[in-house]
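A quick write-up on the structure given underneath.
In my numbering, the protein residues as written are 1 to 144.
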């Protein structure tokens, strides 16, 4: 498994970010929130989806919760790291490109281990809500 967070997976397009906030859906696992939108978009960045990338991911930490840039940057690094180590949960279950925005939404200063656990739970919750599971082989055999 490739545990990297390359440049072509980073969500940078203002158009796509705007679409995420206007048309995107959300799933939460306190204190994390994942806003997502399926499909590629009509902007130059979406061309990268043709290169086999299934995900565009951005991270954000509110200035309202952490006034100092040092604190915001620390939690953004932690979010990127937990995404990098657990993105296989998403990639293995996606059938189309998705854009994601990953938020840390509390003033509480959780440890890396707690954030990592919450990230895994959040990704599993997203998969359970949005990925349709194919019929099992036992169901199709019983119909015959």
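We treat Cβ as the ideally placed atom computed from N, Cα and C, and that holds for glycine.
Reduced DSSP category for residue i - H, G, I as helix; E, B as strand; rest coil
i	result
residue 126	helix
residue 100	strand
residue 24	coil
residue 29	strand
Close Cβ partners of residue i (< 8 Å) along its chain, the five nearest in sequence each way excluded
i	result
residue 83	5, 57, 59, 102 and 119
residue 129	27
residue 23	37
First through last residue of the beta strand (DSSP E) which encompasses residue i
i	result
residue 11	Segment: none, residue 11 is in no beta strand (DSSP E) and carries neither H nor E.
residue 94	Element bounds for residue 94: n/a, residue is neither H nor E.
residue 54	Note, residue 54: premise wrong, no beta strand (DSSP E); not H, not E.
residue 37	32-38
First and last residue of the uninterrupted alpha helix (DSSP H) at residue i
i	result
residue 83	69-91
Expected contact under 8 Å - CB spacing of residue i and residue j to nearest Å
i	j	result
residue 32	residue 122	5 Å
residue 37	residue 94	That pair is no contact at about 13 Å.
residue 126	residue 34	6 Å
residue 63	residue 72	7 Å
residue 85	residue 3	6 Å
Close-in-space but distant-in-sequence residues of the same chain around residue i (CB under 6 Å, 5 per side omitted)
i	result
residue 65	107
residue 131	93
residue 75	61 and 104
Cβ neighbours of residue i in the same chain (closer than 7 Å, five flanking residues each side left out)
i	result
residue 96	38 and 39
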